[in-house]
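Right, one structure below, let's go through it.
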Amino acid sequence: MTRATQFKLGVLGSGKGSNFVAIADACAAGRVPATIELVLSDLPEAGILDRARERGIRAEHLAPGRYRTRLDEAAERAYVAGLQEAGVDLVVLAGFMRILKGDFLGAFPGRVVNIHPSLLPAFPGLEAWKQALDHGVKVTGVTVHLVDAGVDTGPILAQAPVLVRDDDTPETLHARIQEVEHRLYPATIARWLTDTFGACARGPNLEE
Ligand code: GRF
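Laid out in structure tokens, this is it:
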């Protein structure tokens, strides 16, 4: 397939990888015009690495370095180098539990996307579904956004609601949020690729 219709994704994750699976399946089915070139994780035992290897996708653990909540400078350089060597058009965060700083974001300006389990700007940070239950909201949801230097603060690309039930536990609410994530994330990535690269992929109109 040509560059005009097939883009390259790099996926970063620290968890079980259910969003990665949804995106990989959507790529394989042609619903996202891309291939996943590389999966990187800060945790060697992360399920996302196994899910990628099962599919024959290159997957590597890269140590995060000396900080607890972010990549240190050397690690950031290693992540950037891996993703650049793989030629990725878009970096997809799928449960990556480290904050990315300026040097990483500068290497992929406007090209890092994240999914968050709430309707941002409500409930940024950890365990947003628990925050929603604690606050007693009746509607929460899912946000896909571009990543900036803040925590869950970048420009919003898409949102979808999830109703909170009276008998919800953190587990049941998180499970329904994840079902929505698995639909919203691939669809938003597909639209972002088309909106961002669609015109240049078709080439200049020489008659204009
Ligand atoms: C998702 O709930 C996502 O919203 C959050 O991290 C979780 C990752 O889950 N950023 P999985 O590893 O994709 O199953």
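In the numbering used here, the protein residues as written are 1324 to 1531.
Yeah, the Cβ is synthetic: ideal placement off N, Cα and C, and Gly gets one too.
Values in this document were obtained by computation on a predicted structure and should not be read as measured data.
Starting from the Cα of Ile1479, find the closest Cα among Ser1441, Val1487, Arg1378 and Ala1382 and give me that residue.
If we check each option's Cα against that of Ile1479, Ser1441 comes out closest.
Quick check on DSSP: helix, strand or coil for Glu1494?
DSSP places Glu1494 in helix when its eight states are reduced to three.
Please name the residue or residues paired with Leu1385 in a DSSP beta bridge.
Under DSSP, Leu1385 shares a beta bridge with no residue.
Pick helix, strand or coil for Ala1327, following the three-state DSSP scheme.
For Ala1327, the predicted model reports a pLDDT of 49, less than 50, meaning its position is unreliable; a value from the coordinates is still stated below. Coil at Ala1327, not helix or strand.
If I measure Cβ to Cβ from Phe1343 and keep anything under 7 Å in the same chain, skipping five residues before and after, which residues do I get?
So the qualifying residues of the chain are Val1334, Gly1336, Val1362, Ile1371, Arg1374, Ala1375 and Ala1417.
Which of helix, strand or coil does DSSP assign to Glu1450?
Shown here, Glu1450 sits in coil according to DSSP, grouped into three states, outside any helix or strand.
Expected contact under 8 Å - CB spacing of Val1465 and Ala1483 to nearest Å:
Confirmed, about 5 Å.
Leu1529, DSSP secondary structure in three states
Residue placement at Leu1529 is poorly supported in this model, since its pLDDT is 43, which falls under 50; the coordinates are not used for a value here.
Given a threshold of 16 other Cβ atoms within 10 Å of its Cβ, counted over all protein chains shown, does Asp1490 qualify as buried or as exposed?
By the neighbour-count rule (16 or more Cβ atoms within 10 Å), Asp1490 is not buried but exposed.
Proximity test, Gly1333 beta-carbon vs the ligand GRF heavy atom, cut-off 7 Å:
Relative to the ligand GRF, the beta carbon of Gly1333 is positioned no closer than 7 Å to any heavy atom.
Can you give, in chain order, each stretch of the alpha helix (DSSP H) that sits fully within the region 1328 to 1414 and has at least 4 residues?
Entirely contained in the region 1328 to 1414, the alpha helix (DSSP H) runs reaching 4 residues are, in chain order, 1341 to 1351, 1370 to 1377 and 1396 to 1408.
Buried versus exposed, by CB contacts within 10 Å (16 or more), Tyr1390
Exposed: under 16 other Cβ atoms inside 10 Å.
Let me make sure I understand the geometry here. Which of Gly1379, Ile1380, Arg1381 and Ala1398 has the alpha-carbon closest to that of Pro1388?
Sequence inspection shows Gly at residue 1388; the Pro mentioned does not correspond to that position. Selected option, being the one with the closest Cα: Ala1398.
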